[in-house]
Amino acid sequence: MNERPGTRNLIALALYPTFLGMAPVLGKLALNGQADPFTIAALRTIAAAAILWVIYLIFWRKYIFIYPAGLLGCVMVGTVNGIGSLFYYNGLNYLDASVAQLLNSTYLIFVVVLAAADGHKLTQRTILRAFLALIAVSLITQGVQREFNWFGVGLMIGNAILFAGTFILSQRVLYEMPAQTVALYVLTTMAVVVVIARLIVSREFAPMDSETLNAILALGVTTALARLTMFFSVKRMGSLQTVLVGISETAVAILLAFLLLGDQLSAVQWLGVGVLLISLLLIRREDIRSRETGEMLPVPISGIGFPSISFKRAAFTRAFLGDQAMQKLSERKDLTPEEAEMIRQLIDSPRS
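Residue numbers (full-length UniProt numbering): 1 to 352.
Here is the structure:
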């Protein structure tokens, strides 16, 4: 489907880095309020998941349904992202927000590497945009100008790798499911992961003032919105194009630091903002067009209102096992004509 970029695509692209860029500033505000990193990660993810469940139960009930193979994919993505968030907030505890943002932004490098390994075609313009974005991030954060904690550096790099993995894995999972469904179950899995981690560390819950609680609640809201817009963008435009725009979160973080923490932008940082703007201006229409997917709509297939076991197996095979296994599955004799047609469409549809 080669349609013109829709309004929703552009809105998601604009909102995703905005919500994501709020994380380091709000996280630092919570840490300055003496909240420990594990508690912050647990409370903000619980809040984010709870917000989505309330919204879905009231307005989006149709997106709550998920088939077992799809749930498995969401659990994989949520586990990776949940562990990464633990790395992120613990790393932020050891580093300045600007240094943490610089290190976290290296996920762009890992996404490009993983995308290339996954068979994505990297154009010269894409490579140029990635290079310019990294230069911009370095200028905006003004490099690493002081001594820093190597343990914190390791945690932030670990988070960057896991966050890159989240993008690549989610693109496969999103092929067969709506972004709303993926966001709900990924965040729910993240909440389970971080709560288990919080219970394992067995730290006492220190009392928090209202400002700290408000910062954590704001983190929950922005986390929910960031995941919704992120998965929508990945589904429509792919992981690589989403990341190349999402890296502008650095500019959002610097602006919020200026407004909320009193930081000032230097001439070098303004230069970095300009370079980042050039990277964004290199976007072309084909980068943000809607991508054809084999999304399984919530319509009756087997006569009971939900997809049959055969089609669930087909969706899982298409997403994770490849075209050869998919071809063998299409030759099964127990498929209904409707299922056979949908599986044929899955085989014929492009992977990227």
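Positions of the beta carbon are idealized from the N, C-alpha and C atoms, including for glycine.
Helix, strand or coil for residue 19? Go by DSSP, reduced to three states.
Position 19 of the sequence shown, counted from the first residue, corresponds to residue 19. Annotated three-state conformation of residue 19 is helix, per DSSP.
Thinking just about the alpha-carbon of each residue, which of 218, 89, 252 and 196 is nearest to the one in residue 48?
Numbered from its first residue, the sequence shown carries residue 48 at position 48. Residue 48 has its Cα closest to that of 218, out of 218, 89, 252 and 196.
On a CA-only basis, which of 248, 67 and 235 is nearest residue 134? Give me that one, please.
Here residue 134 refers to the residue found at position 134 when the sequence shown is read from its first residue. That would be 248, whose Cα lies nearest to the Cα of residue 134.
Can you give me the C-alpha to C-alpha distance between residue 102 and residue 246, rounded to a whole angstrom?
Position 102 of the sequence shown holds residue 102. Position 246 of the sequence shown holds residue 246. Cα to Cα, residue 102 sits roughly 14 Å from residue 246.
Inspect the beta-carbon positions of residue 195 and residue 46 and report whether they are closer than 8 Å.
Walking along the sequence shown from the start, residue 195 turns up at place 195. Walking along the sequence shown from the start, residue 46 turns up at place 46. Yes, the Cβ-Cβ distance between residue 195 and residue 46 is below 8 Å.
Whole-angstrom C-beta distance between residue 35 and residue 208, which should lie under 8 Å:
In the sequence shown, residue 208 corresponds to position 208, counting from 1. In the sequence shown, residue 35 corresponds to position 35, counting from 1. Right, the Cβ-Cβ distance comes to about 6 Å (below 8 Å), so this counts as a contact.
Take the Cβ of residue 123 as the centre, count every other Cβ of all protein chains shown within 10 Å, and call the residue buried at 16 or more, exposed below.
Sequence index remark: in the sequence shown, residue 123 carries index 123 (1-based). With fewer than 16 Cβ atoms within 10 Å of its Cβ, residue 123 is classed as exposed.
First and last residue of the uninterrupted alpha helix (DSSP H) at residue 94:
As a first step, residue 94 must be located in the sequence shown, where it is residue number 94. That run of the alpha helix (DSSP H) goes 68-94.
Since residue 211 is in the alpha helix (DSSP H), which residue starts that stretch and which ends it?
Residue 211 sits at position 211 when you count from the first residue of the sequence shown. Going by DSSP, residue 211 is part of the alpha helix (DSSP H) stretching over 210-237.
Beta-carbon gap between residue 173 and residue 77 smaller than 8 Å
Here residue 173 refers to the residue found at position 173 of the sequence shown. Here residue 77 refers to the residue found at position 77 of the sequence shown. Yes, they are a contact pair.
With residue 215 and residue 30 assumed to form a contact (beta carbons below 8 Å), what rounded beta-carbon distance in angstroms separates them?
Walking along the sequence shown from the start, residue 215 turns up at place 215. Walking along the sequence shown from the start, residue 30 turns up at place 30. Sure, about 4 Å apart at Cβ, within 8 Å.
So what does DSSP say about residue 305, is it helix, strand or coil?
Stepping through the sequence shown from its first residue, residue 305 is reached at position 305. Because residue 305 sits at a pLDDT of 38, beneath the cut-off of 50, its placement in the model cannot be relied upon, and the following sentence gives the value as read from the coordinates. If DSSP states are grouped into helix, strand and coil, residue 305 belongs with coil.
Close Cβ partners of residue 152 (< 6 Å) along its chain, the five nearest in sequence each way excluded:
Locating residue 152 in the sequence shown gives position 152, counting from the first residue. Once the five neighbours on either side are set aside, the close Cβ partners of residue 152 are 91, 94 and 95.
Just to confirm the assignment: which complete alpha helix (DSSP H) runs, minimum length 4, are found wholly within the stretch 126-204?
Those alpha helix (DSSP H) runs which fall completely within the stretch 126-204 and span 4+ residues are 150-174 and 179-201.
Quick one: residues in its chain with C-beta nearer than 8 Å to the C-beta of residue 87, no 5 flanking neighbours on either side, listed in chain order?
The residue labelled residue 87 in the question sits at position 87 within the sequence shown. Only residues of its own chain outside the window of five on either side were considered, and among them 155, 156, 158, 159 and 162 have a CB closer than 8 Å to the CB of residue 87, listed in chain order.
How many Å lie between residue 210 and residue 33 at the Cα?
Here the question's residue 210 lines up with position 210 in the sequence shown. Here the question's residue 33 lines up with position 33 in the sequence shown. Linking residue 210 to residue 33 through their CA atoms gives a straight-line distance of about 9 Å.
If you count every other CB in all the chains shown that lies within 10 Å of the CB of residue 62, and 16 or more means buried, which is it?
Within the sequence shown, residue 62 is the residue found at index 62, counting from 1. In summary, residue 62 is exposed, with fewer than 16 beta-carbon neighbours lying within 10 Å of its beta-carbon over all protein chains present.
Using C-beta distances below 8 Å, list every residue in its chain close to residue 25, excluding the 5 sequence neighbours before and after it, in chain order.
Here residue 25 corresponds to residue number 25 of the sequence shown, with the count starting at 1. So the qualifying residues of the chain are 97, 253, 256, 257, 260 and 261.
For a quick check, are the C-beta atoms of residue 272 and residue 177 less than 8 Å apart?
Counted from its first residue, the sequence shown places residue 272 at position 272. Counted from its first residue, the sequence shown places residue 177 at position 177. In this structure, residue 177 does not lie closer than 8 Å to residue 272 by Cβ.
Determine, using beta carbons only, whether residue 166 and residue 44 come nearer to each other than 8 Å.
Reading the sequence shown from its first residue, position 166 is the one you call residue 166. Reading the sequence shown from its first residue, position 44 is the one you call residue 44. Not closer than 8 Å, so no.
Closest to residue 104 by C-alpha separation, out of 270, 21 and 41, would be which residue?
Against the sequence shown, residue 104 aligns to sequence position 104. Comparing Cα-Cα distances from residue 104 to each of 270, 21 and 41, the minimum goes to 21.
If you follow the alpha helix (DSSP H) that residue 107 is in, where does it begin and where does it stop?
Mapped onto the sequence shown, residue 107 falls at position 107. Residue 107 -> alpha helix (DSSP H) spans 107-117.
Do residue 189 and residue 82 have their CB atoms nearer than 8 Å?
Here residue 189 refers to the residue found at position 189 of the sequence shown. Here residue 82 refers to the residue found at position 82 of the sequence shown. Taking a C-beta distance under 8 Å as the contact criterion, residue 189 and residue 82 qualify as a contact pair.
Just the Cα atoms here: how many angstroms apart are residue 130 and residue 175?
On the sequence shown, position 130 is the one that residue 130 refers to. On the sequence shown, position 175 is the one that residue 175 refers to. Those two C-alpha atoms are separated by around 24 Å.
Exposed unless 16 or more other CB atoms sit within 10 angstroms - verdict on residue 294
Within the sequence shown, numbered from 1, the residue matching residue 294 stands at position 294. Interpretation of residue 294 is limited by its pLDDT of 45, a score under 50 that renders its predicted location unreliable; no figure is taken from the coordinates.
Let me check understanding here. Comparing Cα to Cα, which of 266, 150 and 241 lies closest to residue 171?
Against the sequence shown, residue 171 aligns to sequence position 171. Considering only 266, 150 and 241, the residue with the shortest C-alpha distance to residue 171 is 241.
What residue range does the alpha helix (DSSP H) around residue 353 cover?
For the chain, the structure presents residues 1 to 352; residue 353 sits outside this window and is missing.
What is the DSSP secondary structure of residue 97, reduced to helix, strand or coil?
As a position in the sequence shown, residue 97 is number 97, starting the count at 1. In the three-state scheme derived from DSSP, where H, G and I count as helix and E and B as strand, residue 97 is classed as helix.
I need the boundaries of the alpha helix (DSSP H) containing residue 258, first residue and last residue.
Translated into positions along the sequence shown, residue 258 becomes position 258. Judged by DSSP secondary structure, residue 258 falls within the alpha helix (DSSP H) whose first and last residues are 249-260.
Limits of the alpha helix (DSSP H) - the one that residue 35 falls within:
Numbered from 1 along the sequence shown, position 35 holds the residue referred to as residue 35. Counting along the chain, residue 35 falls outside any alpha helix (DSSP H), and DSSP gives it neither H nor E.
Neighbour-count burial assignment, residue 59, 16 or more Cβ in a 10 Å radius:
The residue labelled residue 59 in the question sits at position 59 within the sequence shown. Counting of Cβ neighbours within 10 angstroms places residue 59 among the exposed residues, the total staying below 16.
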